[in-house]
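Residues in the sequence shown are numbered consecutively from 20, following the numbering used here.
The beta carbon of each residue, even a glycine, is placed where N, CA and C say it ideally should be.
This one's a predicted model, so the numbers in the text were calculated from it and none came from an experiment.
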Amino acid sequence: MTVPLLSLRGISKSYGQIHANRDIDLDVAPRSIHAILGENGAGKSTLMKLIYGVEQPDAGTVIWKGEPLALASPADARRKGIGMVFQHFSLFETLTVVENIRLVVPASKSDLAQRIRALGRAFGLEVDPLAHVHALSVGERQRVEIIRCLMTEPQLLILDEPTSVLPPQSVDKLFETLRRLRDGGVSILFISHKLEEIRAVCDHATILRGGRVTGNVDPRDHDAHDLARMMIGRDMPQPMPAVAHSGGDKRLEIVGLDHRPDDPFAVPLSDVNLTVRGGEILGIAGISGNGQSELAALISGETVLPREKSDRIFMMGKDVGALDAAARRRLGFAFVPEERLGRGAVPEMSLVLNSLLTAHPFGLLKRGLVDTARA
């Protein structure tokens with residue numbers, strides 16, 4: 020019988036009264052792509068952090084190649100041959116791509132730059148090695164994370180939602196990469212909510228619900244509906260039929276928008292026109308790095324237009340091009356950034372304090388107190 024590359028026995032982890040993982044058993048075979056399935060809050064990311072040494076379990080044993088393993092840090096995990104690409108990035112924004120990778124992979128900058136370009140061409144992960152991370156889109160930053168991890172030549176590669184910001188053609192190339200890594204002897208733990216992707220690339224799937232293992236299956240033997248039912252414990256509701264909608268009043272209108280950002284690495288916008296009416300959902304499609312971030316910043320008010328060019332963006336019929344984000348919120352506009360941590364929320368602050376950052380003008384008392392028990 021083949022010894023698993025990684026085994027977990029009775030792994031549990033709690034944060035106060037919250038049980039993130041409960042008595043989890045898991046076996047990852049050599050040369051396999053193993054999916055971890057579950058809803059948000061099922062305990063997937065916590066379990067991966069335990070395997071990678073970011074957190075330590077409260078109970079249970081981690082077994083690596085048949086021997087008990089205790090990891091004090093991610094550096095310990097990397098030395099053992101375990102690598103991880105996080106859903107939330109761990110890059111220094113003030114450094115270049117090659118400088119970030121050099122923190123983990125010791126080599127000259129010129130050698131690393133050549134290897135970065137070669138990996139990018141081979142696996143559809145193209146990125147400029149000399150670009151500063153703060154100038155990269157979210158999709159480009161994830162490419163850097165994946166390349167950095169591949170450079171450490173891991174025996175077990177953990178991927179937390181790796182395709183969430185990749186275009187379809189890069190997803191296909193990534194899957195080709197994962198298959199080549201598997202065939203070359205690397206095992207992969209793959210977390211994704213995209214069930215068809217798991218069916219396409221994974222050899223095995225472990226399903227978590229409420230922090231517990233509720234099933235182990237070959238995902239190729241089940242359709243996406245079956246896998247979804249296993250994840251949530253009930254049948255998925257039928258989607259509402261599409262209904263033609265003529266739309267209401269104009270809520271957002273952009274007319275002939277031209278903008279050249281001050282950042283030399285940003286993408287200029289030229290003659291952008293769009294209208295969103297009440298009751299409509301408007302999609303903006305495109306491969307990352309083609310101006311979506313710049314357009315979103317102009318719509319949200321993170322970037323404002325000069326007064327002489329402000330009459331290009333209208334909300335609720337009002338010219339808002341020169342208004343900041345707070346003024347636009349008062350008109351009824353809300354914005355969820357693609358980078359949830361750091362831009363959308365302050366991780367070190369509670370939910371109550373985060374909400375006060377933008378909700379304080381809406382009927383809250385000046386010098387008021389927060390009732391933490393009720394909050």
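Nearest-angstrom beta carbon gap, residue j and residue i [assumed within contact, 8 Å]
| i | j | result |
| --- | --- | --- |
| P238 | R253 | 19 Å between Cβ atoms; not a contact. |
| A91 | G72 | 6 Å |
| R347 | V355 | About 14 Å; that fails the 8 Å criterion. |
| G310 | L288 | 5 Å |
| A378 | F284 | Not really, about 34 Å apart at Cβ, beyond 8 Å. |
| W83 | K63 | Between K63 and W83 the Cβ distance is about 20 Å, and since that is not below 8 Å, they are no contact. |
| H107 | L360 | 5 Å |
| I226 | M259 | Not really, about 27 Å apart at Cβ, beyond 8 Å. |
When the options are compared against residue i, the one with the closest alpha-carbon
| i | options | result |
| --- | --- | --- |
| D44 | G72, E58, P76 | P76 |
| S265 | A243, P280, V295, P283 | V295 |
| R160 | P125, G308, L317, S289 | G308 |
| T233 | H38, L155, V146, I55 | I55 |
| D300 | P283, K269, H278 | Residue 300 is actually Ile in this sequence, not Asp. Looking at the Cα atoms, K269 is the closest of the given residues. |
| K32 | R41, G302, L25, I303 | R41 |
| E58 | R199, G230, D95, D338 | G230 |
| V274 | K328, L185, Q133 | K328 |
| G204 | A48, L370, G361 | A48 |
| V286 | A316, M259, L271 | A316 |
| H278 | S312, K63, L271, M249 | S312 |
| L24 | V190, D191, V365, D46 | D46 |
| E321 | A243, L372, A353 | A353 |
Unbroken alpha helix (DSSP H) run spanning residue i, endpoints
| i | result |
| --- | --- |
| S369 | No alpha helix (DSSP H) holds S369; DSSP gives it neither H nor E. |
| G275 | Note, G275: premise wrong, no alpha helix (DSSP H); beta strand (DSSP E) at 269-278. |
| V81 | First-last for V81: 78-83, but that is the beta strand (DSSP E), not the alpha helix (DSSP H). |
| S189 | 187-202 |
| T65 | 63-71 |
| A19 | Since the first and last residues shown for the chain are 20 and 394, residue 19 lies out of range. |
| R218 | 214-220 |
| D245 | 243-251 |
| D179 | Segment 175-179 is the beta strand (DSSP E) holding D179; no alpha helix (DSSP H) there. |
| I226 | It is not in any alpha helix (DSSP H) - I226 instead sits in the beta strand (DSSP E) that spans 223-228. |
| G158 | 157-169 |
| S319 | 311-319 |
| I120 | 116-121 |
| R347 | 344-349 |
Any chain D beta carbon closer than 8 Å to residue i
| i | result |
| --- | --- |
| F209 | The question asks about chain D, but that chain is absent: this structure has only one protein chain. |
Opening and closing residue of the beta strand (DSSP E) in which residue i lies
| i | result |
| --- | --- |
| R41 | 37-47 |
| K32 | 25-34 |
| T294 | 288-296 |
| M335 | Per DSSP, M335 belongs to no beta strand (DSSP E) and is neither H nor E. |
| G234 | 231-236 |
| L56 | 52-56 |
| H101 | Note that residue 101 is Ile in the sequence shown here, rather than His. Per DSSP, I101 belongs to the beta strand (DSSP E) from 101-104. |
| S109 | That residue, S109, is in no beta strand (DSSP E); it is neither H nor E in DSSP. |
| E86 | 86-88 |
| I207 | 206-210 |
Residue i and residue j closer than 8 Å at C-beta
| i | j | result |
| --- | --- | --- |
| D281 | I52 | no |
| A61 | R167 | no |
| V163 | L110 | yes |
| G297 | G267 | yes |
| L214 | A247 | yes |
| M335 | L314 | no |
| G102 | V22 | no |
| L138 | L88 | no |
| S374 | A344 | no |
| L324 | R331 | yes |
| K128 | R121 | yes |
| V157 | E358 | yes |
| V81 | I165 | no |
| L271 | V291 | no |
*asked:* With three or more beta-carbon pairs closer than 8 Å as the criterion, would you say the segment 173-181 touches the segment 124-143?
replied: In short, these stretches do not touch, since the Cβ pair count stays below three.
_Sufficient close CB pairs (3 or more, under 8 Å) joining the segment 62-77 to the segment 237-251_ = They do not touch, by the three-pair rule.
*Between the segment 144-156 and the segment 115-124, are three or more C-beta pairs nearer than 8 Å?*
Output reads yes: the segment 115-124 touches the segment 144-156.
*Touching by the beta-carbon criterion (3+ pairs, under 8 Å), the segment 206-216 and the segment 178-195*: Counting Cβ pairs under 8 Å, three or more are found: they touch.
*Taking contact to mean at least 3 C-beta pairs separated by less than 8 Å, is the segment 20-30 in contact with the segment 186-198?*
Because the criterion of three Cβ pairs below 8 Å is not met, the segment 20-30 and the segment 186-198 do not touch.
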